[in-house]
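Chemist: Read in order, the letters of the sequence shown correspond to residues 1 to 194 in the UniProt record's numbering. Beta carbons: idealized from backbone N, C-alpha and C, even for Gly. Computed from a predicted model, the values in this text were never measured in an experiment. Sharing a structure with you now.
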Amino acid sequence: MILQVNDSTIHWEQWFKQKILDLQKYRDDLLSQEKYFTNFDDILNGIYSVTEGFQRYKANAKVGKMMTAGHQRLQDVLDLMSLQYSAGGEIAFIQELYPYLLHWTEEYAETSHLYNLSPDAEGRYVWHISLGTEDYWYIALRLICFGLLTGYADQMSRIMPIIDYTEATPEGQEKDGLIERLVAPFVADRGIPL
């Protein structure tokens, strides 16, 4: 499986061609075709805009804006994966997206850390993916579960340091039982919370 990706080699046309046209393939009976089409286009256009913006403006952009855009891109990629799964999309496409998601998660964490070091943060360190917010459901769990679904379980060791972010507090975030149980077979010495 591919682990190294490059934003400049994304085949955007191929990604846009992944739109599911056959309503009979849908795994989710509550997903309307109209909603799917609208969401698919909006989400993928959002991912494209942020990715192109990062390439074009990274050197001169304010770190806070880059952090916000990077966070939105994580949500968008995970929303696209969820939408494709619900619409009966091929797991192979979700599997193709996952290395980009990992890359963009690491890029976001780096930007988030730089923001925490900036004067704008006013000395406060904030977790990259805060388990005490909607990030728990919208980012952390889907990031882990899609990794397991697509055969990237061996990459959980890349994700967990981003979630822990010990720079914010030396012990990291309070451990979450579900997350710890999901990654335990793949990340050594994490222990299981009570």
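1. Inspect the beta-carbon positions of I43 and A87 and report whether they are closer than 8 Å.
2. Could you give the uninterrupted runs of the alpha helix (DSSP H) lying entirely in the stretch 6-64, keeping only those of 4 residues or more?
3. Take L83 and list the residues in its own chain whose beta-carbon comes closer than 7 Å to its own, dropping the five residues that flank it on each side.
4. L182: buried (16+ other C-beta within 10 angstroms of its C-beta) or exposed?
5. Compare the C-alpha of E13 against each of N45, N6 and L31 and name the closest.
6. Using 8 Å as the threshold, is the stretch 66-74 in touch with the stretch 105-123, meaning 3 or more CB pairs across them?
7. What is the residue span of the alpha helix (DSSP H) that T111 lies within?
8. Within 10 angstroms of the Cβ of D28, are there 16 or more other Cβ atoms? Answer buried if so, exposed if not.
9. To the nearest angstrom, how far is it from the Cα of V126 to the Cα of A168?
10. Cβ atoms of Q75 and L131: under 8 Å apart, would you say?
11. List the endpoints of the continuous alpha helix (DSSP H) containing F186.
12. What's the C-alpha gap between D154 and M81?
13. With 16 other CB atoms within 10 Å as the buried threshold, where does F146 fall?
14. To the nearest angstrom, how far is it from the Cα of G191 to the Cα of T9?
15. To the nearest angstrom, how far is the alpha carbon of H11 from that of E96?
16. Assign L143 to buried or exposed, taking buried as 16 or more other Cβ atoms, counted over all protein chains shown, within 10 Å of its Cβ.
17. Give me the Cα-Cα distance between S32 and W15, rounded to the nearest whole angstrom.
18. Given this structure, state the Cα-to-Cα distance separating I162 from I91, to the nearest angstrom.
19. Considering D120, what are the terminal residues of the alpha helix (DSSP H) in which it resides?
Modeler: Reading off the structure:
1. no
2. 12-16 and 33-57
3. Y36, N39, F40 and I43
4. buried
5. It is N45 whose Cα lies nearest to the Cα of E13.
6. yes
7. T111 -> alpha helix (DSSP H) spans I91 to L117.
8. The residue is exposed, with fewer than 16 neighbouring Cβ atoms inside 10 Å.
9. A straight line joining the alpha-carbon of V126 with that of A168 spans about 6 Å.
10. Result no, Cβ atoms of L131 and Q75 do not sit closer than 8 Å.
11. It is not in any alpha helix (DSSP H) - F186 carries neither H nor E in the DSSP assignment.
12. 19 Å
13. By the neighbour-count criterion, in which 16 or more other beta carbons inside 10 Å mark a residue as buried, F146 falls on the buried side.
14. 39 Å
15. Rounded to whole angstroms, H11 and E96 show a C-alpha spacing of 11 Å.
16. Buried, since its Cβ has 16 or more Cβ neighbours within 10 Å.
17. The straight-line gap separating the alpha-carbon atoms of S32 and W15 is approximately 21 Å.
18. 25 Å
19. D120 -> no alpha helix (DSSP H), and no H or E assigned at all.
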